[in-house]
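Asker: First residue of the sequence shown? That's 709 in this note's numbering, and the numbers climb one at a time after it. Take a look at this one; I'll ask things after.
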Amino acid sequence: MTRVEYIFKGEGKEGIAADVYYRKRESTEAFPIALYFHGGNFTVGSKELLSRSYVQKLLDLGFVVVSANYRLCPTISVFDGPVTDALDAYKWTQSTLPGLLQNEAGMYVDGSKIVVLGHSAGGLLALLTASSPDPPRAILDLFGMKYLRDASFHTPSAAFAKLPPFEKAFLDQIHEQVPPPNSGPSPMTAKGPDFSNFRVAWMFNLVKEGKLFSTVVADGDYDRVDPATLFAKKGKGFPPTYFIHGTADTLVDSKLSRRAHDELQANRIDTKLVLVEGASHGFDAKAQPGDETFAIVEKGFEFLKAHL
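So this is what it looks like as structure tokens:
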């Protein structure tokens, strides 16, 4: 496996990077592409969150794999940062990456054969690529956000009710990060969230208060960053979509994936919903080949492959 980092947008310290993974093989067929967006409530996380076991499986299925960063809130809004950068990453992956890999690695890559996947906030970004003039062949949404006006996103979280208070000066450090960073700490560690990091603490504190989305959307225009608006707008033109969601998810209610699946199904879109009983948000974080959780996600990868 070869890994190469490219800057797909901007330059210098403000350049936004994507990791490209590939495995050379003898073939007359051009490689398809799988583009991944990480989660983290639009405020934490990075391209490094794509697990190597998932990369390996996607490579086994014949994909070139791309994992992209994007600028993080709140010193930029969801629309101006994550959404705009994700759509630019999609456009770059389609139009620029094939030429780079042909020139630098002698590989033929088909930019028209692209699928997109993402976890949580990255699932929302993956779904929004359906708005592109040349939408992806298929989408895999792992407990992604949609229907952003739903009360569950704007209600104090019982799951985080016992989160200790933080000093305002500590949390306010996040507002000093101008220009906004395009990568951040992981939302979780092996021992849970790292609340010594002001960015992680700020994010979970707003989840606790039920104010995260109103803060990061910033202008109140939920519709332009909500993939659910595309379900009806695109109608039968929405890409085939595979949803995976845990029924015990306290950050993104699984009812939203059920609703999305039902809406796409009513539009006669090829869609599948897998509800994982008792699974929480990020339940696949430690998935490894051979275990039950990995097998669940693997079926989603195979759905992507089947729709090329």
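We put the CB at the ideal spot given by N, CA and C, even for glycine. What you are looking at is a predicted structure, and each value in this text was computed from that prediction instead of being measured.
Provide the residue span of the beta strand (DSSP E) that contains aspartate 727, from first to last.
Answerer: 724-730
Asker: Output the distance between the C-alpha atoms of glycine 753 and glycine 747, rounded to the nearest integer angstrom.
Answerer: Separation of glycine 753 and glycine 747 (C-alpha to C-alpha, rounded to the nearest whole angstrom) is 6 Å.
Asker: Measure the Cβ-Cβ separation of leucine 832 and proline 935 and say whether it is below 8 Å.
Answerer: Cβ atoms of leucine 832 and proline 935: closer than 8 Å.
Asker: Give the range of the beta strand (DSSP E) segment to which glycine 819 is assigned.
Answerer: 817-827
Asker: Take the Cβ of proline 893 as the centre, count every other Cβ of all protein chains shown within 10 Å, and call the residue buried at 16 or more, exposed below.
Answerer: buried
Asker: When the Cα of serine 860 is compared with those of Val886, Val915 and Gly826, which residue comes out closest?
Answerer: Val915
Asker: Can you tell me whether histidine 883 is buried or exposed? The criterion is at least 16 other CB atoms within 10 Å of its CB, across all chains shown.
Answerer: exposed
Asker: Please report the residue range of the beta strand (DSSP E) in which lysine 717 lies.
Answerer: 710-717
Asker: Asparagine 777: buried (16+ other C-beta within 10 angstroms of its C-beta) or exposed?
Answerer: buried
Asker: What is the residue span of the alpha helix (DSSP H) that histidine 969 lies within?
Answerer: 963-974
Asker: Are histidine 989 and serine 922 close, meaning C-beta to C-beta below 8 Å?
Answerer: no
Asker: Please state the DSSP three-state secondary structure of tyrosine 930.
Answerer: coil
Asker: Would isoleucine 741 and isoleucine 822 qualify as a contact pair, given that the criterion is a beta-carbon distance under 8 Å?
Answerer: yes
Asker: Going by Cα to Cα distance, which pick from Thr801, Asp957 and Met815 is closest to threonine 710?
Answerer: Met815
Asker: In the DSSP assignment, what are the bridge partners of serine 775?
Answerer: Asp727 and Tyr744
Asker: One question on the structure: do valine 774 and alanine 726 come within less than 8 Å of each other, judged by their Cβ atoms?
Answerer: yes
Asker: Can you tell me whether DSSP reads aspartate 849 as helix, strand or coil?
Answerer: Strand, per DSSP.
Asker: Measure the C-alpha to C-alpha separation of arginine 845 and leucine 1016 and round it to an integer number of angstroms.
Answerer: So the two alpha carbons sit approximately 6 Å from each other.
Asker: Measure the alpha-carbon distance for threonine 979 versus aspartate 880 and round it to whole angstroms.
Answerer: 42 Å
Asker: Can leucine 805 and valine 728 be called in contact, C-beta distance under 8 Å?
Answerer: Closer than 8 Å, so yes.
Asker: Residues in the same chain with beta-carbon distance under 6 Å from isoleucine 1039, minus the five sequence neighbours each way, listed in chain order, please.
Answerer: In the structure as shown, the chain starts at 709 and stops at 1016, and residue 1039 therefore has no counterpart that could be examined.
Asker: Could you tell me the distance, in whole angstroms, from the CA atom of phenylalanine 745 to the CA atom of valine 924?
Answerer: 18 Å
Asker: In this structure, how does DSSP classify phenylalanine 946 when only helix, strand and coil are distinguished?
Answerer: coil
Asker: What are the start and end residues of the alpha helix (DSSP H) that includes lysine 765?
Answerer: 760-768
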